[in-house]
Structure formats: C-alpha cells, structure tokens
Amino acid sequence: QVQVVDSGGGLVQPGGSLRLSCAASGNIKSALMMAWYRQAPGKEREFVAIITSGGTTNTIPSAKGRFTVSRDDAKNTGYLQMNSLKPEDTAVYYCRVVHNGFVYWGQGTQVTVSS
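Counting from 603, one number per residue, gives the positions in the sequence shown under this note's numbering.
So this is what it looks like as structure tokens:
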C-alpha cells in the first residue's frame, strides 16, 4: 500500500511561480512513475506532466518551457515546478503514482492564478 500526499498549491499572480510536491510513503521498493493531472472547474481532469520510473519526463505543449517535473528517489517525492503561471493554469492539481502495477492518487492541491 502506498499513500500519496499533494501539497504546494496556493494563490499566485500571473507570471508567478509555484512548486508542487507529491510525497509517497509506504512499502516502496522501486522507483516510482509520477504524473501530474489537473482539473479546472467544469472541465475534465487532464494530464499535465510525467516522470517515468527511469527518469524520462514529458509535459503537455501548453506547459513546455514553463513547467518542470522532477523526482527525488531518496525521498520518494516528486515535484512540479511551475513558472510563468497563467490564469488558465488555475485548477486542482493531482499527483498520480504507479508502483508495482497499482495506481495511487493524491488528494489534490488547489492552484489559483489571479491578479
């Protein structure tokens, strides 16, 4: 069993930055695949970024050059560094962790970009 806790959200002005964290704990015996999703009000949850167990990363086109995904394997914690934030980035952000074929979700953290 793995527990996942998202944190780091908040209110930021357009152009600002936030770093989200995804802390996984439990019986973890291998590198984790971590992905970030977001869900804006009235919209479906969408994929944002991923870091595979091997360390390969990818982000959606609208986030390239602004969002960076990383992971600290010693801490079993993933990060989503978000720079140059835009109002359209406003959403609840969720971390999705895959370990030994099982999927675990964090509870979500609210990101609001507004002046």
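Yeah, the Cβ is synthetic: ideal placement off N, Cα and C, and Gly gets one too. Model, not experiment: these values are computed from the prediction.
**Q.** Best match in SER716, THR714 and GLY708 for proximity to TRP638 [C-alpha to C-alpha]
**A.** GLY708
Q: Measure the C-alpha to C-alpha separation of SER664 and LYS688 and round it to an integer number of angstroms.
A: 10 Å
Q: Select from GLY680, ALA642, ALA693 and ARG647 the residue whose C-alpha is nearest the C-alpha of THR659.
A: GLY680
Q | Span of the beta strand (DSSP E) around ALA651 | A | 648-653
Q. If you run the structure through DSSP and keep just helix, strand and coil, what is SER717?
A. coil
Q: Would you kindly report the start and end of the unbroken beta strand (DSSP E) that includes ASN660?
A: 659-661
**Q.** Selected residue, minimal CA-CA separation from ALA577, among GLY644, GLU690, VAL700 and VAL715
**A.** Outside the shown range of the chain, which is 603 to 717, sits residue 577, and nothing can be said about it.
Q. What do you get for ALA676, buried or exposed, if any count of 16 or more other CB atoms within 10 angstroms of its CB means buried?
A. exposed
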